[in-house]
Amino acid sequence: MKILVLLKMVPDVVEELEVAPDGRALDTEFLRLIVNERDDHALEQALLLREDAGGEVVVAGLDAPEVDDVLFSALAKGADRAIKLTGFPEGSGAPAVAGMVAGTLPSIDGLLPVDLILTGCQALDDLDGMIGPLLAAALDLPYLGLVAAATVEDGGMLVSKEYSGGVLGDFRVELPAVLGIQAAAKPPRYVPIAKVRQAMSTGTIEGVAASPAGPAPSIEVIEMTKPESAGHAEMITGSPSEAAARIAAVLTDRGLL
Amino acid sequence: MPGNIWVVAEHWQGSPTDAAFEALALGRELADGLGVALEAVVLGSDTGGLAAALGAADRIVAVDHPALSDPIGDVAARTIAALAAERRPEVVLVPITNLGWDLIGLLPARIGCPMVNFVQDASVVDGRIEAASLVYGGKMSTRVAVPAGPAVLAVLPGTRPAEAGRITGPPPVDRVAMDVDPGLIEFCGYREPEAGDVDITRQDVLVAIGRGIGGQGNVELAEELAELLGGAVCGSRPVIDQGWLPMSRQVGKSGHQVKPKLYLALGVSGAPEHVEGMRDAELIIAVNSDPDAPIFRVAHYGVGADLLDVVPELIDRLEAAGKR
Ligand SMILES: Cc1cc2nc3c(=O)[nH]c(=O)nc-3n(C[C@H](O)[C@H](O)[C@H](O)COP(=O)(O)OP(=O)(O)OC[C@H]3O[C@@H](n4cnc5c(N)ncnc54)[C@H](O)[C@@H]3O)c2cc1C
Ligand SMILES: Nc1ncnc2c1ncn2[C@@H]1O[C@H](COP(=O)(O)O)[C@@H](O)[C@H]1O
Chain A
159 MKILVLLKMV PDVVEELEVA PDGRALDTEF LRLIVNERDD HALEQALLLR
209 EDAGGEVVVA GLDAPEVDDV LFSALAKGAD RAIKLTGFPE GSGAPAVAGM
259 VAGTLPSIDG LLPVDLILTG CQALDDLDGM IGPLLAAALD LPYLGLVAAA
309 TVEDGGMLVS KEYSGGVLGD FRVELPAVLG IQAAAKPPRY VPIAKVRQAM
359 STGTIEGVAA SPAGPAPSIE VIEMTKPESA GHAEMITGSP SEAAARIAAV
409 LTDRGLL
Chain B
210 MPGNIWVVAE HWQGSPTDAA FEALALGREL ADGLGVALEA VVLGSDTGGL
260 AAALGAADRI VAVDHPALSD PIGDVAARTI AALAAERRPE VVLVPITNLG
310 WDLIGLLPAR IGCPMVNFVQ DASVVDGRIE AASLVYGGKM STRVAVPAGP
360 AVLAVLPGTR PAEAGRITGP PPVDRVAMDV DPGLIEFCGY REPEAGDVDI
410 TRQDVLVAIG RGIGGQGNVE LAEELAELLG GAVCGSRPVI DQGWLPMSRQ
460 VGKSGHQVKP KLYLALGVSG APEHVEGMRD AELIIAVNSD PDAPIFRVAH
510 YGVGADLLDV VPELIDRLEA AGKR
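For the record, the sequence lines run as chains A and B. Just add 158 to wherever you are in the first sequence, counting from 1, and you've got our numbering. Just add 209 to wherever you are in the second sequence, counting from 1, and you've got our numbering.
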């Protein structure tokens with residue numbers, strides 16, 4: 159079974175985020191990018207499926223700062239091939255990216271046909287679409303998102319989707335298909351730095367120039383702002399011990415102690 | 210003349226969901242602002258009983274077909290896209306829920322139209338729709354111009370009170386007969402979760418841990434605090450994904466909705482998917498080392514500090530107060 163996993167670099171939201179001078183996007187100067195957490199799960203799920211059903215795992219990412227590290231680390235985890243798609247115009251929205259990815263896949267040597275395309279179920283940065291469904295529509299494949307488990311079963315897949323309260327819905331889908339992964343069956347594996355270094359010296363990342371695509375729908379951002387953070391909470395200041403004392407006092411007041 | 214406002218009125222076990230009512234309330238405002246009709250789009254195999262609840266809409270557009278009996282986003286998206294191609298709505302509001310998830314992505318893909326995700330608010334400004342959208346896990350807010358229709362707006366839960374959209378009195382129903390292709394996905398059934406050791410929805414006090422707890426080794430600290438407070442420990446998604454707590458302890462969109470007397474959030478950033486599960490707690494106290502963390506927008510009290518400094522102090526204080 160041949161599986162393509164798409165890996166996206168997104169801003170680490172634990173860091174401080176600032177608005178760019180034009181007031182309409184993030185300031186990228188100090189932005190730290192990490193791999194979208196869901197994509198780590200998509201890669202893990204692909205590796206688990208290969209352990210079960212055999213085959214090949216190919217990872218692909220769009221050119222972005224630090225993407226090489228992420229692609230090498232995917233190779234270190236056991237991916238068979240890593241591809242970096244280059245030449246995407248900056249600021250392309252999700253529909254444009256999906257159009258270009260769909261248009262570029264056929265030009266990649268020995269890639270197609272794939273049985274399965276795995277993406278993260280969603281990235282937290284884009285406003286205007288989701289690549290998995292857009293790709294599925296462009297390639298005319300079925301799509302299921304919020305996938306929390308996937309196993310191969312005679313020519314198709316059994317897929318479980320998450321509903322709320324921990325309820326799962328089970329589906330059977332014919333292959334090829336696109337799945338948006340919410341969580342892999344196991345936590346994503348850890349790979350020691352030494353193994354990533356080794357992948358850097360022995361592995362290769364194949365660069366592929368994106369094929370231009372036709373016009374895609376987009377939306378106009380008027381402004382981006384930082385919501386007033388502590389607008390609601392009364393912030394407790396002071397040393398940890400003072401903060402603890404204040405919390406205890408609040409709890410006592412409310413009859414919670 | 211703009212097209213009508215559509216709301217996809219998702220339903221679960223025979224009734225529209227709260228999220229559907231919330232979206233209807235928002236849709237009502239947009240329809241009135243543009244001077245067009247609000248239409249609730251209802252798909253299923255037997256939708257006749259739903260109309261009475263959807264009085265917020267001026268009209269219901271209903272498609273009944275056996276292929277629509279199961280929650281398959283792929284089939285629903287193709288069905289609504291076909292309707293939209295003919296009727297040209299201005300916007301289609303889709304609630305962001307796990308139930309409607311696949312539709313959020315697939316509908317704009319199938320219509321070939323733009324979409325705005327994470328919509329937190331929308332209004333009519335100078336005759337066109339503007340939307341505010343909460344991105345980057347709730348840390349940034351973006352205002353966008355929605356182009357002339359059709360466009361899809363994916364609406365965050367809690368955007369309007371469900372009550373505002375829960376108006377009874379059945380509007381006229383436009384039953385559309387159409388061919389629906391069942392597609393390549395087959396629904397096999399639902400599975401209820403295994404019951405956990407603790408039902409977090411019944412606790413008065415919850416100590417919630419997020420990724421900021423740092424590792425499995427620190428979970429004990431939260432357990433100790435919860436015990437002193439007479440409550441239980443719950444967690445955000447990453448904590449469950451890492452296996453630090455069982456699935457039954459997850460709070461949020463995919464987890465449980467909780468409403469305790471006290472919700473003490475430790476190292477939880479406050480992403481929209483988490484907040485929708487706990488925002489109704491009576492008292493929310495958050496400890497987070499990031500003073501910009503979105504959790505401070507729903508918390509009543511906030512401490513911008515390292516939880517590993519504050520929690521041991523709090524434990525000491527509770528112990529000294531004779532809690533053990
Ligand atoms: C469809 C869907 C459904 C989802 N369902 C859920 C759900 O049910 N529940 C849920 O929780 N999430 C859910 N999520 C995920 C959600 O989007 C967030 O990723 C998640 O809530 C983030 O969890 P977190 O706050 O623990 O982690 P992070 O966002 O990584 O935040 C960690 C926080 O800890 C703080 N921190 C770090 N170290 C310390 C320290 N020493 N002391 C104090 N603070 C510290 C950081 O400042 C940061 O704010 C869902 C996502 C999707 C797409
Ligand atoms: N620029 C990108 N490069 C690689 N993968 C992407 C990119 N954008 C989206 N994806 C994939 O699509 C998933 C959903 O992201 P998004 O569509 O941006 O919400 C991500 O988790 C990735 O798997």
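Each residue gets a CB set at the ideal place from its N, CA and C atoms; glycine is no exception. Quantities reported herein were computed from a predicted structural model and do not represent experimental measurements.
Where residue 203 of chain A is concerned, the enclosing alpha helix (DSSP H) starts and stops at 195-211.
Between residue 362 of chain B and chain A, the shortest Cβ-Cβ separation is not below 8 Å. Leaving aside the five residues that flank residue 298 of chain B on each side, the residues in its chain whose CB is nearer than 8 Å to its CB run, in chain order, 212, 213, 214, 215, 248, 358 and 359. Taking the Cβ of residue 288 of chain A as the reference point, at least one heavy atom of ligand 2 falls within a distance shorter than 7 Å. Annotation: the continuous alpha helix (DSSP H) that includes residue 355 of chain A extends over 351-360. The DSSP-derived three-state label of residue 169 of chain A is strand. Counting only Cβ-Cβ distances below 7 Å, residue 329 of chain A has contacts in chain B at 394, 395, 396 and 397, in chain order.
Shown in chain order are the members of the stretch 355-383 of chain A whose Cβ falls below 8 Å from a Cβ of chain B: 375, 376, 377, 378, 379, 380, 381, 382 and 383. In this structure, residue 462 of chain B has its beta carbon less than 7 Å from a heavy atom of ligand 1.
Closest option to residue 284 of chain B, judged by alpha-carbon separation, among A/309, A/299 and A/356: A/299. Scanning chain B for C-beta atoms nearer than 7 Å to the C-beta of residue 401 of chain A yields 512, 514 and 519, reported in chain order. Ranking A/392, A/254 and A/284 by CA distance to the CA of residue 169 of chain A puts A/284 first.
Interface annotation, residue 268 of chain B: not in contact with chain A, CB-CB separation never under 8 Å. Boundaries for residue 210 of chain B: no beta strand (DSSP E) harbours it, and the DSSP string shows neither H nor E there.
Check the Cα spacing between residue 391 of chain B and each of B/254, B/530 and B/414: the tightest is with B/254.
Beta-bridge analysis with DSSP links residue 242 of chain A to A/219 and A/365. The stretch 222-262 of chain B is shown to contain whole alpha helix (DSSP H) runs of 4 or more residues at 227-243, in chain order.
At least one beta carbon of chain A lies nearer than 8 Å to the beta carbon of residue 314 of chain B.
Taking 8 Å as the threshold, the shortest C-beta distance from residue 215 of chain B to chain A does not fall below it. Residue 428 of chain B is not a Cβ neighbour of residue 475 of chain B, given a cutoff of 8 Å. Counting every other CB atom within 10 Å of its CB across the protein chains shown gives residue 336 of chain B a total below 16, marking it as exposed. In the structure shown, residue 445 of chain B falls within a coil segment according to DSSP collapsed to helix, strand and coil.
Against chain B, the CB of residue 343 of chain A has no partner CB under 8 Å away; the residue lies outside that interface. Close to chain A, meaning a Cβ-Cβ distance shorter than 9 Å, are the following residues of the stretch 451-482 of chain B: 451, 452, 456, 457, 459, 461, 462, 463, 464, 465, 466, 470, 471, 473, 478 and 480. Nearest CB-CB separation between residue 322 of chain A and chain B: below the 8 Å threshold.
Within chain A, the residues 285 have their CB atoms less than 8 Å from the CB of residue 342 of chain B, given in chain order. Here the alpha carbon of residue 192 of chain A sits roughly 13 Å from the alpha carbon of residue 221 of chain A. Considering only beta carbons, the part of the stretch 269-301 of chain A lying closer than 9 Å to chain B consists of 279, 280, 282, 283, 284, 285, 286, 287, 288, 289, 290, 291, 292, 293, 294, 295, 296, 299, 300 and 301, in chain order. Three or more Cβ pairs closer than 8 Å define a contact, and the stretch 173-184 of chain A falls short of that threshold against the stretch 250-269 of chain A. Taking the Cβ atoms as the reference, residue 340 of chain B lies roughly 6 Å from residue 362 of chain B, within the contact range of under 8 Å. Taking 3 residues as the shortest admissible run, the stretch 379-410 of chain A contains the following complete beta strand (DSSP E) segments, listed from N- to C-terminal end: 392-394. When rounded, the separation of the alpha-carbon atoms in residue 279 of chain B and residue 396 of chain A is 55 Å. Residue-level contact by beta carbon fails for residue 371 of chain B and chain A, as no gap is shorter than 8 Å. Interface residue (Cβ-Cβ distance to chain B less than 8 Å): residue 405 of chain A is classified as such. In the DSSP annotation of this structure, the continuous segment of the alpha helix (DSSP H) that includes residue 521 of chain B starts and ends at 516-527. DSSP places residue 319 of chain A inside the beta strand (DSSP E), whose first and last residues are 314-320.
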